[in-house]
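Quick look at the structure:
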């Protein structure tokens, strides 16, 4: 099984940078995903890491350290529309399920 | 957007009644999932399917059953709804392993009174 931890809430100012950490303990690992979810909507895919290192995609970057069971999502140049919940999810080694953390609610203030 | 349609989108039902939620996909993806989402718990897997008539339990499967008679349809049934099953239910699909991500439907809001 998976045990996935991330902070419950974070607040940041428009234009700033926010880093959302995710730690996991797993019996098997086959990739880590980050999703964004606006209130009342479905989660949407942001990033995928399977090897150690940083993946950059526009204003969003995601980092993975498999030896530490640690990932972070970095949101740069924050915009009001980035106010949402961010979900960390880990894929099992031998099957195709994603296990999710409880999510981090990010509030961007003007 | 991934071609996933959930129905109904909103439903209010009484305790003890059966309820079926339908997920329909147009992507011909092999894997289909049902998750529920509750405050403080995030998304939790109820059941998933890895092919027609091939299903398996997730972490919160008690009180739920599923069926997949066609690639495109995955049904979630609450045999006798309880108030603890009031939740938002998300269907999801995936091609498979590796970098193939899981795409979510728009959700079904179920209230059991």
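Protein chains in written order, with the numbering used here: chain A, 1 to 110; chain B, 111 to 223.
Don't be surprised by glycine CBs; every beta carbon is placed ideally from N, CA and C.
Per DSSP, residue 45 of chain A is one residue of the beta strand (DSSP E) stretching across 44-49.
Using a Cβ-Cβ cut-off of 8 Å, residue 97 of chain A is close to 143, 155, 158, 168 of chain B, given in chain order. The C-alpha of residue 67 of chain A is placed about 39 Å away from the C-alpha of residue 182 of chain B.
Within the DSSP bridge table, the entry for residue 93 of chain A names no partner. Contact of residue 101 of chain A with chain B by beta-carbon distance below 7 Å involves 152.
Distance from the Cα of residue 188 of chain B is smallest, within the candidate group B:130, B:122, B:124, for B:130. Per DSSP, the unbroken beta strand (DSSP E) holding residue 26 of chain A starts and ends at 18-26. Rounded to the nearest whole angstrom, the C-alpha separation of residue 73 of chain A and residue 85 of chain A is 12 Å. In the three-state scheme derived from DSSP, where H, G and I count as helix and E and B as strand, residue 81 of chain A is classed as helix. Chain A has a Cβ within less than 8 Å of the Cβ of residue 200 of chain B. With a threshold of 8 Å between beta carbons, residue 196 of chain B makes no contact with chain A.
Close partners of residue 211 of chain B in chain A (Cβ separation under 8 Å): 33, 45, 48.
Not a single CB atom of chain A sits nearer than 8 Å to the CB of residue 113 of chain B. Interface with chain A (8 Å Cβ-Cβ cutoff): residue 126 of chain B is excluded.
Pairing residue 174 of chain B with residue 157 of chain B gives a Cβ-Cβ distance under 8 Å.
Under DSSP, residue 66 of chain A forms no beta bridge with any residue.
For residue 162 of chain B, there is no enclosing beta strand (DSSP E), as DSSP marks it with neither H nor E. At least 8 Å separates the CB of residue 184 of chain B from every CB of chain A.
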